[in-house]
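Worksheet for the structure shown next.
There are 2 protein chains.
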Amino acid sequence: MVMARTRTTFDSFNAIAEPKRRELIEALVGKELTVSQIVETLGWSQPMVSKHLSVLKQVNLVLERKEGRFRVYRVNAAQLKPIQDWVIQFEQYWSNNLDHLEDYLNKIQSKEVKDE
Amino acid sequence: MVMARTRTTFDSFNAIAEPKRRELIEALVGKELTVSQIVETLGWSQPMVSKHLSVLKQVNLVLERKEGRFRVYRVNAAQLKPIQDWVIQFEQYWSNNLDHLEDYLNKIQSKEVKDE
DNA sequence: TTGACATATTCCTATATAGGAATATAGTAT
DNA sequence: ATACTATATTCCTATATAGGAATATGTCAA
């Protein structure tokens, strides 16, 4: 069995690897847009928008609602949490960088203050 | 000009899309390991380890140090910050999600209790 | 120098794209 | 039914993988 690259529809990590799909998600954040509105906003071809939406839909990064002949899309941000959860475990290592040590200590301190 | 998928070496987003490379990064976190040690830890073939390291090295997610005939690798976590920065802008939306509202309220409440 | 060890690279191939163009599907209005 | 609008899908092709096997490169030790 020959392995190739992990499918874009395998998970959120792979879906958002494509810069255009990140742009699409950004365009949708906090609002609902139809395909045509996205086409107008981003200036991409309609099939291109639909195809990228299809990938995002398959990993549940966007949700779709039918409204007459329109389809209204919105972001399902919860699907980004696994990425946040994975990345966050390394935060201390980039924060430990001398350049950010001060910020890091401040953050720790304010957390400790809050907890008391 | 025909476009294909974004190269794995294009940026951190694409490099970490591959599950094995995330596993490799996890194996390296907080320590330095030689290729052989990684081979032993993960149970992969040596060429496979070297090839994945090569991709991670090209996007600066790992740093390499020569030590005699060994090469010692370590994680450069700072390269994960752009991912954190991108994902974090959506945090409010997954926290505000109705499905998780209850959890969210509980979390808030327990914090407030602690704060008093 | 020779051998042993550590690591990187090359060669091979099935696979999954991304984008453009063309076309299909579906819902609405007249 | 027909025309129109909105969106999805199909067809095409150059491209970049991932993994296995084989091989190359580099470094040390006797």
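Sequence lines, in order, name chains A and B. Oh and the first sequence: position 8 is 1409 in this note's numbering, straight run, nothing missing. Oh and the second sequence: position 67 is 1468 in this note's numbering, straight run, nothing missing. Glycine included, C-beta positions come from ideal geometry on N, C-alpha and C.
For residue i, which residues from the same chain have a beta carbon less than 7 angstroms from its beta carbon, with the 5 sequence-adjacent residues on both sides left out?
i	result
Ser1413/A	Val1460, Leu1462, Gln1480, Leu1481, Pro1483 and Ile1484
His1453/A	Lys1421, Arg1422 and Leu1425
How far does the beta strand (DSSP E) with residue i in it reach, from first residue to last?
i	result
Glu1468/B	Val1463 to Glu1468
Arg1408/B	No beta strand (DSSP E) holds Arg1408/B; DSSP gives it neither H nor E.
Does the distance from the C-beta atom of residue i to that of residue j stay below 9 angstroms?
i	j	result
Arg1475/B	Leu1429/B	yes
Thr1410/B	Ala1416/B	yes
Pro1448/B	Thr1407/A	no
Arg1472/A	Val1436/A	yes
Ala1405/B	Trp1495/A	no
Val1488/A	Val1488/B	yes
Going along the chain, which residues of its own chain have a beta-carbon closer than 8 angstroms to the beta-carbon of residue i, five neighbours each way excluded?
i	result
Thr1442/A	Ala1428 and Leu1434
Glu1457/B	Residue identity check: residue 1457/B is Leu in the sequence provided, not Glu. Within the same chain, Leu1457/B has close Cβ partners Ala1416, Arg1422, Leu1425, Ile1426 and Val1463.
Val1450/B	Leu1425, Val1436, Ile1439, Val1440 and Leu1443
List, in chain order, every chain A residue whose beta-carbon is nearer than 7 angstroms to that of residue i.
i	result
Ala1405/B	Per Cβ cutoff of 7 angstroms: no residues; Ala1405/B is ~10 angstroms from chain A at best.
Phe1414/B	Ile1417 and Ala1418
Can you look up residue i in the DSSP assignment and give me helix, strand or coil?
i	result
Val1476/A	strand
Could you check where the alpha helix (DSSP H) with residue i kicks off and where it finishes?
i	result
Gln1485/B	Lys1482 to Ile1489
Lys1432/B	Segment: none, Lys1432/B is in no alpha helix (DSSP H) and carries neither H nor E.
Val1403/A	Taken as a continuous stretch (DSSP letters only), Val1403/A belongs to no alpha helix (DSSP H), as it is neither H nor E.
Ser1451/B	Gln1447 to Gln1459
Glu1419/B	That residue, Glu1419/B, is in no alpha helix (DSSP H); it is neither H nor E in DSSP.
Can you pull the chain B residues whose beta carbon is under 7 angstroms from the beta carbon of residue i, in chain order?
i	result
Arg1466/A	What Arg1466/A touches in chain B: nothing, since even the nearest Cβ is about 15 angstroms away.
Could you name the residues of chain B that residue i contacts, counting a contact when the two beta carbons are closer than 9 angstroms?
i	result
Tyr1494/A	Val1430, Gly1431, Val1476, Asn1477, Ala1478, Ala1479 and Leu1481
Which bits of chain A does residue i rub up against, with CB to CB less than 8 angstroms?
i	result
Arg1423/B	Phe1414 and Trp1487
Ile1484/B	Ile1484 and Val1488
Please list the partners that residue i has in chain A, where partner means a Cβ-to-Cβ separation under 9 angstroms.
i	result
Phe1471/B	Simply none; closest approach about 22 angstroms.
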